[in-house]
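Residues in the sequence shown are numbered consecutively from 28, following our numbering.
To start, the structure under review is shown below, and the notes come after it.
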Amino acid sequence: MVKNKLTSPILISLSIILLLLAGCQLTQNKAINSTNYGQYYLSLQYLSEQQLSAEIQKHQFSLSQPQQENSPNKYDLQIKMLLLYSLPKSPIYNTFNAKALLNQMQQDGDNAALAHIDHNDQAFITLLRDQLNQRLLMRNRLLQQQKAQKQQASQLQQQLIEQVSLLEQTIKQLKNIEQTIDNRDQ
Numbered sequence: 028m029v030k031n032k033l034t035s036p037i038l039i040s041l042s043i044i045l046l047l048l049a050g051c052q053l054t055q056n057k058a059i060n061s062t063n064y065g066q067y068y069l070s071l072q073y074l075s076e077q078q079l080s081a082e083i084q085k086h087q088f089s090l091s092q093p094q095q096e097n098s099p100n101k102y103d104l105q106i107k108m109l110l111l112y113s114l115p116k117s118p119i120y121n122t123f124n125a126k127a128l129l130n131q132m133q134q135d136g137d138n139a140a141l142a143h144i145d146h147n148d149q150a151f152i153t154l155l156r157d158q159l160n161q162r163l164l165m166r167n168r169l170l171q172q173q174k175a176q177k178q179q180a181s182q183l184q185q186q187l188i189e190q191v192s193l194l195e196q197t198i199k200q201l202k203n204i205e206q207t208i209d210n211r212d213q
């Protein structure tokens, strides 16, 4: 009986310790498997063009391999490609592709692509989305301004052509008048 009284608290203590250790192990595994996308983006800025190309090829190859649908690894690769599309010095820099990929990730599985990342990275991706939206809006505004400027230049060119034509007609009339005066004088 004394043995049972001693083993009971020891067993409970051991059980609690094992549960706590298992919980710590799960937390550590999650931290190891997650990528800090802000740090990844910063590290991309220090890569040479060749290193960026190698990074792009590595991720494109990994994405082309068969993967489970909605797997965290697939989403991790997609987010890294998103960051590569968003990096201005990247050989594949393209705001449209970055925004399209981000939209696709947000539509896939009710935003599952971004559900597995921590809050800081979600904030970073939200900031990136806002930046991409601003870039696209600015680009559209610039295109509209260019279109308006081309239209204005075309109108100005047409006015100049009309003025030149009018001046040529005036010169022709003046030459005719001069010729008429010369013929009278003779």
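For glycine and all other residues, C-beta sits at the position ideal for the given N, C-alpha and C.
As the structure is a prediction and not an experimental result, all values here were calculated from the model.
A straight-line Cα-Cα distance of about 15 Å links Ser-192 and Lys-202.
Here Tyr-73 is exposed: its Cβ has fewer than 16 other Cβ atoms, across all protein chains shown, within 10 Å. Distance between Gln-213 and Glu-205, taken at the CA atoms: about 13 Å. Two segments are said to touch when three or more pairs of C-beta atoms, one from each, lie closer than 8 Å; by this definition the stretch 81-92 touches the stretch 109-121.
Burial state of Phe-88 is exposed, judged by a 10 Å Cβ sphere holding fewer than 16 other Cβ atoms.
Rounded to the nearest angstrom, the Cβ distance from Lys-126 to Leu-170 is 16 Å, too far for a contact under 8 Å. Contact check for Tyr-112 against Asn-121 passes: the beta carbons are separated by less than 7 Å. Between Asp-157 and Tyr-64 a beta carbon distance of about 15 Å is seen, past the 8 Å cut, so the two are scored as non-contacting.
Between the alpha carbons of Gln-184 and Ile-198 lies a distance of about 21 Å. Between Ile-188 and Lys-174, the alpha-carbon positions lie close to 21 Å from each other.
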